[in-house]
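Colleague: Every number in this note's numbering is 131 more than the matching position in the sequence shown, counting from 1.
Think of the CB as a built atom: it goes at the ideal place given N, C-alpha and C, for glycine as much as any other residue.
For reference, the structure I am asking about is given below.
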Amino acid sequence: MNNLKHHSVLICFLTILFACSNNNSEIHKKISMKNFDDIIQDVEFAITENNFRVVNRLNIGESIQERKEKKFPKNEIILFCNLSLAEEMLILEPDYINFCPYKITINQQNNETFIATRLMPINTGSTKLNNFALKMNNILVKMVEYAASEDPFILDLDK
């Protein structure tokens, strides 16, 4: 009986936990067979074409490889920002500074290259914040789609 009570409490706790969780960590990911370095260039092109500025590149895989002196898969994080969008976002919700800078990750696994980004939550209770997140998520998804695609004309800035 005592065991059943513990299980019931655990199930209730997990239900509440999942019900209260916001879609904060939704990842948009694509797979590409393109060359890793070409994907890096395409990500940077998509970033600049959308009026963002690359603020840093973190070569995580290379750093681990150098530190451990053994082969490690390529993993790179590109951080970028647009001050006008950052200002708009911060006026709506100052805590959203935690989404800045935005990032796209590129990593290799088993001859495939994964390109991904973290999307902003769109169910916040604020229509203005949700609309901003939808706009920003659309831009982030377009960047990832472009970098993964073999089609150099896929980047459409007006949609």
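Determine the burial state of G256: buried for a count of at least 16 other Cβ atoms within 10 Å of its Cβ, exposed for fewer.
Modeller: Exposed, because fewer than 16 other Cβ atoms sit within 10 Å of the Cβ of G256.
Colleague: Could you tell me how far apart the beta carbons of A279 and S163 are, in whole angstroms, since I believe they sit closer than 8 Å?
Modeller: Their Cβ separation, rounded to whole angstroms, is 4 Å, which keeps A279 and S163 in contact under 8 Å.
Colleague: Is the beta carbon of N261 closer than 8 Å to that of I270?
Modeller: Not closer than 8 Å, so no.
Colleague: What would DSSP say about K291, mapped onto helix, strand or coil?
Modeller: With the chain running from 132 to 290 in the structure shown, residue 291 is simply not present.
Colleague: Please report the straight-line C-alpha distance between A177 and R198, rounded to a whole angstrom.
Modeller: If I take the Cα positions, the gap works out to 31 Å.
Colleague: In chain order, what residues of the same chain lie with their CB nearer than 6 Å to the CB of V275, ignoring the 5 residues before and after it?
Modeller: Around V275: H159, K161, I246 and T248.
Colleague: Compare the beta carbon distance of V186 and L221 with 8 Å and say whether it is the shorter of the two.
Modeller: For V186 and L221, no; Cβs fall outside 8 Å.
Colleague: Tell me whether the beta-carbon of I228 lies closer than 8 Å to the beta-carbon of F167.
Modeller: No.
Colleague: Pull up the DSSP beta-bridge partners for T248, would you.
Modeller: DSSP output for T248 lists H159 and I235 as bridge partner(s).
Colleague: Measure from the alpha carbon of E157 to the alpha carbon of each residue in Q239, V272 and R188, then state which is nearest.
Modeller: Looking at the Cα atoms, V272 is the closest of the given residues.
Colleague: Please report how far the alpha carbon of I285 lies from the alpha carbon of D173, in whole angstroms.
Modeller: Taking the straight line from one Cα to the other gives about 11 Å.
Colleague: Determine the direct distance from the alpha carbon of I170 to that of Y277, and round the result to whole angstroms.
Modeller: About 9 Å.
Colleague: Taking K266 as the reference, give the member of N181, G192 and I191 with the closest Cα.
Modeller: Residue N181 is the option with its Cα nearest to K266.
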